[in-house]
Structure formats: C-alpha cells, structure tokens
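Asker: Structure incoming, see below.
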Amino acid sequence: MIDLQPVKGTRDFFPDKMRLRNWLFEVWRNVSVQAGFEEYDTCVLEHEDFISKRPETKFSKQLYSFEDKGGRRLSFPPRNDPFIGPSGFFSTKNHCPFQ
Numbered sequence: 243m244i245d246l247q248p249v250k251g252t253r254d255f256f257p258d259k260m261r262l263r264n265w266l267f268e269v270w271r272n273v274s275v276q277a278g279f280e281e282y283d284t285c286v287l288e289h290e291d292f293i294s295k296r297p298e299t300k301f302s303k304q305l306y307s308f309e310d311k312g313g314r315r316l317s318f319p320p321r322n323d324p325f326i327g328p329s330g331f332f333s334t335k336n337h338c339p340f341q
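Using my numbering, read the sequence shown as starting at 243 and increasing by one per residue.
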C-alpha cells in the first residue's frame, strides 16, 4: 500500500492554509523591511565538508548527504539551521576570507 502521509519533517499546504501562510509571510516581510531588515535566500545544497566542519549541533545530526555524478559530496542542511551558508557571506564579494 502507498503511504500518502507527508515525509517526516515536511508538510503540505492546501489552499486554505496556503492563503493564510502567504498573508502572514507578506505582513512579516513588510514589517521587517520597514524595520530595516534585508531579505536574502541561500542555496539549498552545500558542500558536505563545509557543513561537517562546523561544531556539532542538533541540526548536524539531521543532515542528508549524497554523492553526485561528479563524485562531489553534497548535503541538504536542515531548513531551520540558523547558520547562513557561504553564499550568504560572499554575496557581494568574490573572495573567501577563510580557508
């Protein structure tokens, strides 16, 4: 039998809940912009070694990693991980201040 429940850690937003969610996010976004915050979005995938070298947290135990066809180890960091990935640091610069 096919399991129709969402995968653990995910959820579906049907139209009634999606309308509420979109409204809430729009209000939140507007208030944040008025308060001087700037929006950003980072990559969904990160290189595994970048994530695995951070101090271990409850988030690092939830890491999903895999090897792509090019042999690179990549990871999906948990969405609620408070750490900003490399793209968040270097969005306006073309250099890396650390190795």
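For glycine and all other residues, C-beta sits at the position ideal for the given N, C-alpha and C.
In the DSSP output, which residue or residues are listed as bridge partners for R315?
Answerer: BP columns for R315 point to E309.
Asker: What do you reckon, are the CB atoms on F318 and Y306 nearer than 9 angstroms?
Answerer: Yes, they are a contact pair.
Asker: For D258, does the three-state DSSP call read helix, strand or coil?
Answerer: Of the three classes helix, strand and coil, the one that applies to D258 here is helix, per DSSP.
Asker: What does a CB cutoff of less than 8 angstroms around E309 pick up in its chain, not counting 5 residues either side in sequence?
Answerer: R315, L316.
Asker: Report the three-state DSSP secondary structure of E288 (helix, strand or coil).
Answerer: In this structure, E288 counts as strand in the three-state DSSP scheme.
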